[in-house]
Amino acid sequence: MTEKNVVIAGFGGQGILLAGEVLANALMLDEKNVTWYPCYGAEMRGGTVNCEIVTSEDEVSSVNKQDADFIIALNQISFDKFLPKLKAGGWVIANSSLVKEIKSRIDINYLFAPITALANELGEIRISNIISLGLLAKISKLTSVDALHKALDNVLPEHRKNLLALNLKALEMGFNFSLAPATAC
Amino acid sequence: MTKTLTTGNHAIAQAAINAGCDGYFGYPITPQSEIGEFMSKKMQELERAYVCAESEIAAINMVLGACSTGAKAMTSSSSCAVALMQESLSYIAADELPVVLVSVMRAGPGLGYIYPSQGDYNQATIGGGNGDYKIIVLAPSTVQECIDLTYKSFYLAQKYRNPTILLADGLLAQMMEPVEFNEYPYPEISIEDWALTGAKNRDSRAIYSLGPQEDRLVERVETLFNKYKQIEENEVEFEEYQTDNADLIVTCFGSIARNVKSAINQCREKGLKVGMLRPITLYPFPTKKYQELAKTTKKFLTIEMNMGQMVRDVRLAVNGQVPVEFFGKSVGQWLSVEDIAAEIERLNS
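Following this line, the structure appears as structure tokens:
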């Protein structure tokens with residue numbers, strides 16, 4: 002398998018780094034090589050944040066690449082910033098609750114999903130990051146809902162394990178989201 | 114063994130604990146603050162010593178004091194703060210104390226910025242302290258190596274009673290990768306014959322660097338350099354990749370080696386005869402290996418995330434037998450696989 006990379010981006014506080022950690026954990030459980038690299042600088046809550054996950058059957062080379070196979074953008078700034086980085090034929094998963102559905106590139110695949118609204122349906126706005134991983138599992142086939150669920154068990158601290166059931170619901174909600182609105186290139 | 118996903122910083126801290134580190138003394142600085150944070154919790158749980166010092170100068174001198182009692186002690190810091198420790202490192206080398214310093218490079222000079230960089234190769238291998246002394250320097254390129262080489266740092270520091278630097282960088286410190294925490298694989302080294310453990314039932318001892326009244330300095334420095342010779346003969350470590358029949362050997366250290374390897378794979382697919390030599394011990398430097406390869410290769414290319422530091426050691430080792438080129442960049446975005454592959458192709462054409 003050649004290397005595949007995913008950029009997850011949004012506001013600080015949306016659980017961007019945690020989503021990346023869960024994805025990286027799932028890929029580890031799938032016995033793949035994987036790296037997780039956060040943007041780090043003078044970041045703050047409410048500012049923008051992103052992380053990059055690279056996975057491969059072989060050794061992972063660069064952990065911070067010039068382009069991306071998959072992008073998850075949970076807010077408008079991230080969508081605008083990272084869209085040019087997406088490889089031709091790549092997929093962007095955009096949170097249409099916060100991102101305008103404008104398709105400025107014709108060589109990529111778009112999946113607009115109202116991720117924040119879906120999270121509100123579950124009664125927990127903070128779970129939008131995990132819903133986006135369910136969407137990613139569906140379109141990328143990089144990993145499975147099952148592996149992501151196990152990964153959550155690895156990542157969540159003891160005093161948050163009571164949230165596992167809700168997180169599984171969020172993963173399934175993302176995975177089962179109707180892909181009809183998506184446009185394949 | 115089960116794998117866990119962890120950052121370079123946490124890998125180093127956990128490995129230090131597994132290696133039996135008795136005391137951690139440090140002062141926070143990005144990009145390595147998570148080492149101190151991790152230690153502040155774990156060391157106290159284990160009833161070992163953790164001190165958040167008032168400055169880096171205080172921290173390194175606390176480590177000096179702790180190590181003189183035979184304790185396994187360490188500090189960790191970054192670039193402009195490691196600069197503050199240089200005076201003490203010279204004293205530690207003179208005192209022959211097994212100090213472990215984790216130096217996580219960020220961009221400089223001056224205060225610089227918190228982006229990853231490899232700009233402290235000279236600071237680590239040459240140093241800024243006074244006098245003739247040498248520090249063992251190990252450079253990891255993966256999170257797993259952060260663990261393995263932290264173990265080795267403690268071992269070599271104890272074995273040779275010599276300060277040892279683990280030279281990582283901000284990228285390695287902040288990224289996560291699956292790792293295996295194997296057990297500390299080295300034998301314990303006795304401290305009985307030198308440490309300040311209390312003079313009950315034996316003559317008293319003192320550990321100090323010589324003052325102007327002493328006439329044994331020549332002898333003392335010669336003893337140190339006999340030790341350095343042993344280190345150079347026994348402890349050289351490097352990674353060699355595809356160097357057989359390579360017309361061009363790319364050489365680099367630390368995390369940029371990941372990108373270099375990938376670039377080499379790409380170039381090999383295009384039929385270019387190219388390989389890689391990565392020193393893992395920056396001191397002792399694999400001089401003999403370079404000399405050996407200089408007999409069969411046509412050219413070396415040194416790649417660093419700085420403006421050219423290790424390249425001097427490569428040129429000294431190769432000693433004009435074949436050309437040694439340099440390709441580097443000082444801060445921020447790592448040189449990409451594509452950039453490196455393009456430079457290799459340019460040199461091959």
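If you read the protein sequences in the order shown, they are chains A and B.
Per the working numbering, the first sequence starts with residue 2, numbered consecutively.
Per the working numbering, the second sequence starts with residue 114, numbered consecutively.
By construction, the Cβ of each residue, glycine as well, lies at the ideal position given by its N, Cα and C atoms.
Source: prediction; values computed, not measured.
Item, Value
"So is B/S449 in contact with chain A if we call contact Cβ pairs under 8 Å?", "yes"
"According to DSSP, is A/D195 helix, strand or coil?", "A query on residue 195 of chain A cannot be resolved here, the shown segment of chain A reaching from 2 to 186 and no further."
"Going by beta carbon distance, what residues of the same chain come within less than 8 Å of B/S168, once the five residues before and after it are set aside?", "Y140 and L197"
"Mind the definition here: the stretch 349-366 of chain B touches the stretch 320-338 of chain B only if three or more C-beta pairs lie below 8 Å; say whether that holds.", "no"
"Closer than 9 Å between beta carbons: that is the criterion. Which residues of the stretch 288-319 of chain B meet it against chain A?", "M288, M289, E290 and P291"
"Exposed or buried, what is A/M45 when buried is set at 16 or more other beta-carbons lying within 10 Å of its beta-carbon?", "exposed"
"B/M114 to B/A166, Cα distance in whole Å?", "37 Å"
"Which same chain residues end up closer than 6 Å to B/Y234 when comparing Cβ atoms and leaving out the 5 residues on each side of it in sequence?", "Q422 and M423"
"CB-CB under 6 Å to B/E147, same chain, minus the five flanking residues each way: which ones, in chain order?", "N122"
"By Cβ distance below 7 Å, which residues in the same chain neighbour B/A376 in space, the five residues on each side in sequence not counted?", "V450, I453, A454 and I457"
"Just grab the DSSP bridge partners of B/P229 for me.", "B/R219"
"Measuring only the C-alpha atoms, how far is B/T143 from B/G221?", "13 Å"
"In three-state DSSP terms, what is A/A183?", "Legend: pLDDT at A/A183 = 49, less than 50; position of this residue unreliable, value from coordinates given subsequently. Coil at A/A183, not helix or strand."
"Looking at the structure shown, is A/K142 part of a helix, part of a strand, or coil, going by DSSP?", "coil"
"If we ignore side chains and look at the alpha-carbon of each, how far apart do B/N280 and B/K411 end up?", "Note that residue 280 of chain B corresponds to Leu in the displayed sequence, not to Asn. Taking the straight line joining both Cα atoms gives about 30 Å."
"Below 8 Å on the Cβ atoms is my guess for A/I72 versus A/G21; work out the distance and round it to an integer in Å.", "Not really, about 12 Å apart at Cβ, beyond 8 Å."
"Using 8 Å as the limit for Cβ to Cβ distance, is A/A25 near chain B?", "yes"
"Rounding to the nearest angstrom, what Cα-Cα distance links A/K66 and B/A237 in this structure?", "29 Å"
"Which runs of the alpha helix (DSSP H) spanning at least 4 residues fall entirely within the stretch 377-402 of chain B, listed in chain order?", "none"
"Tell whether a beta-carbon distance below 8 Å holds between B/L406 and B/I362.", "yes"
"Would you list the residues sitting across from B/A186 in a DSSP beta bridge?", "B/G136"
"In whole angstroms, what is the alpha-carbon distance linking B/G311 and B/T182?", "9 Å"
"Hey, is B/L284's beta-carbon within less than 8 Å of any beta-carbon in chain A?", "yes"
"So which residues on chain B does A/P39 lean against when the C-beta distance must stay under 7 Å?", "Q287"
"Closer than 7 Å: is that where the CB of A/N168 sits relative to any heavy atom of the ligand ZN?", "Because no ligand of any kind appears in the structure shown, any question about the ligand ZN cannot be addressed here."
"Mind the definition here: the stretch 419-439 of chain B touches the stretch 332-351 of chain B only if three or more C-beta pairs lie below 8 Å; say whether that holds.", "no"
"Are any of the Cβ atoms in chain B nearer than 8 Å to that of A/S63?", "yes"
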